[in-house]
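**Q** Let me begin by handing over the structure; questions about it come next.
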Amino acid sequence: MFRGKNIAQIAASGSEMNKNMMLRIFLLLTLSMPVVYAQQKGVVEGRVVNATDPSIVARSVELDIVELGEGMRILKTAVTDSSGRFRVDGLPESGRLMLRVNYKDVNYHRQFSPNAGGKTTADIEVYEPTTSMKDIEIGETRMAFQSTGGQLVSLETITFNNRTKPPRTHMNPEGNFRFSKLPGIVEPPTMRVTAPGSTMPLVQAPLESPDGQSYYSQYPLKPGTTVFEVQQVLPYSTQTYAYKKMFYQDVAALDIAVMPSDMVLSGQGLTKISTDAQQNFSIYRSSPIKAGTEVTWTFSGGTSAPQTKSAETGGELSVEARPDVIRRNALIIGPLLLLGFVLILWYAFNRGATDSQKTPAQRTRGLKERRERLLNAIAELDRRHELNAVNRSDFLRQREEIKRQLRRISLLLKT
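Each residue of the sequence shown is one higher than the last, beginning at 162 in my numbering.
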């Protein structure tokens, strides 16, 4: 059958054939690689500028070019030259990319899309660090609580306005933002940070202090406005909870949303100021609170909303990651439901009373800010509905209310 060839000859012949085939495949791949890389003709060049002191040259600074998509893949790395300039080639000629610069242990970002022809100029500013809180103001602080499924969900937002002159980035190794660890916390807190000039929050895991009494974040406070949102889940199976919190920053005014509206909040310095029966929440106001003050409040009663569960996790509460950038960075948590919406909507309602005292330019700017908050709220509501974290009737009711507010703001902007 094999015409006189023995098994050894056949094996040797097959081995030689395999070697030749592997060599051809290797040569084919090797020759095709330059063609693949030749297609990547995108170029970005620019300069890293020290916005604190332009005379300081940002030389030998590391930078990455990151592809904005699933995985946030680093495409190229480089360092600035002796004049602070950089040039990176071999990039995609289309799509959304991000320049990330690490200057003195702080990351600075700038998004860009390649221009026609694939060449882009993208300068980026960096700042000198400081550990001083001088000229960094504590802005708006808001809190909201919701009883759901035998638990009490707490959401706190606090704003830092970095007005340093010349501009600097606050970076304290011991933490740039600290918040109190609440008694009996059910699970580790979750935190979102929105950087200056950004509309997309970054999900961060806060660090616990050595004494176990607080958490802190090392997210830098860059010039501009940085917003922290902290959520903690607390026990509420007995329909009562003793809330103890240490304030680490001065709070000039504090309004607290409580949901449902028949849940009672009591404590020194607290006053109930309004109830929205349609949206089922009440607003309490606290007197000013000084840094270093520990408050004790009591929550009791309330018609608890049913706990939202995920079928994919066997009925457990879950944080679900989504495949695209926006959903991957959005914190979607079942029991939170409409807390964020309540804060934004209530804020939009109550800012209207002060608009009449502003100049036309200030009034227009305020209306646009409110519109942006409501647009963010409707996007968040849509995401929760996709995750079945809110039932359809509530979804439609809340969405219509937001749309009504948006129509009202549109009319005011035209007048």
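In this text, a Cβ means the ideal position worked out from N, Cα and C, and glycines have one as well.
With DSSP collapsed to three states, give me the class of N276.
**A** As a working mapping, residue 276 is identified with position 115 in the sequence shown. Three-state result, N276: coil.
**Q** Alpha carbon to alpha carbon, how far is T351 from M304?
**A** Stepping through the sequence shown from its first residue, residue 351 is reached at position 190. Stepping through the sequence shown from its first residue, residue 304 is reached at position 143. So the two alpha carbons sit approximately 15 Å from each other.
**Q** Can you look up F408 in the DSSP assignment and give me helix, strand or coil?
**A** As a working mapping, residue 408 is identified with position 247 in the sequence shown. Three-state result, F408: coil.
**Q** Taking the DSSP output, what are the residues bridged to R208?
**A** As a first step, residue 208 is located in the sequence shown; it is residue number 47 there, counting from the start. DSSP, once it has assigned bridges, lists R246 as partnering R208.
**Q** Ordered along the chain, which non-local residues of its own chain (more than five positions away) have a Cβ less than 6 Å from that of A540?
**A** For the purposes of this step, residue 540 is identified with residue 379 of the sequence shown, where counting begins at 1. Nothing listed; no residue qualifies.
**Q** Given R257, which residues of its chain have a CB within under 6 Å of its CB, disregarding the five upstream and five downstream residues?
**A** On the sequence shown, position 96 is the one that residue 257 refers to. Taken in chain order, the residues that qualify are L229 and S274.
**Q** Name the two residues that bound the continuous beta strand (DSSP E) containing G230.
**A** Numbered from 1 along the sequence shown, position 69 holds the residue referred to as residue 230. First-last for G230: undefined, no H or E at that position.
**Q** Cα separation between R271 and V419?
**A** Your numbering for residue 271 matches position 110 in the sequence shown. Your numbering for residue 419 matches position 258 in the sequence shown. C-alpha separation (whole angstroms): 38 Å.
**Q** Spatial neighbours of R324 within its chain, please: C-beta separation below 6 Å, excluding the five flanking residues on both sides.
**A** On the sequence shown, position 163 is the one that residue 324 refers to. If we look at R324 and ignore the five residues flanking it on each side, its Cβ neighbours are D296.
**Q** Can you give me the C-alpha to C-alpha distance between V210 and P349, rounded to a whole angstrom?
**A** Stepping through the sequence shown from its first residue, residue 210 is reached at position 49. Stepping through the sequence shown from its first residue, residue 349 is reached at position 188. In a straight line, the C-alpha of V210 is about 39 Å away from that of P349.
**Q** Specify, as a first and last residue, the run of the beta strand (DSSP E) that K237 falls within.
**A** Your numbering for residue 237 matches position 76 in the sequence shown. Start and end: I235 to V240.
**Q** What does the alpha-carbon distance come out to for the pair D250 and G203?
**A** One-based indexing of the sequence shown puts residue 250 at position 89. One-based indexing of the sequence shown puts residue 203 at position 42. In a straight line, the C-alpha of D250 is about 6 Å away from that of G203.
**Q** Would you tell me roughly how many angstroms separate the C-alpha atoms of Q523 and L316, rounded to the nearest one?
**A** As a first step, residue 523 must be located in the sequence shown, where it is residue number 362. As a first step, residue 316 must be located in the sequence shown, where it is residue number 155. Whole-angstrom Cα-Cα distance: 29 Å.
**Q** Around the Cβ of A424, are there at least 16 other Cβ atoms within 10 angstroms (buried) or fewer (exposed)?
**A** To locate residue 424, count along the sequence shown from 1; it is residue 263. It is worth fixing the name first, because residue 424 is Met in this sequence and not Ala. When all chains shown are included, M424 counts as buried.
**Q** Which same chain residues, not among the five before or five after P367, have their C-beta less than 7 Å away from its C-beta?
**A** Stepping through the sequence shown from its first residue, residue 367 is reached at position 206. These residues qualify, in order along the chain: P350, M352, Y376, Y377 and S378.
**Q** Who pairs with S341 in a beta bridge, going by DSSP?
**A** Counting from one through the sequence shown, the residue named residue 341 turns up at place 180. For S341, which the question treats as bridged, DSSP gives the partners S375.
**Q** If you compare alpha carbons, which of L557, S461 and F556 is closest to S308?
**A** Here residue 308 is taken as the residue at index 147 of the sequence shown, counted from 1. Nearest of L557, S461 and F556 to S308, Cα basis: S461.
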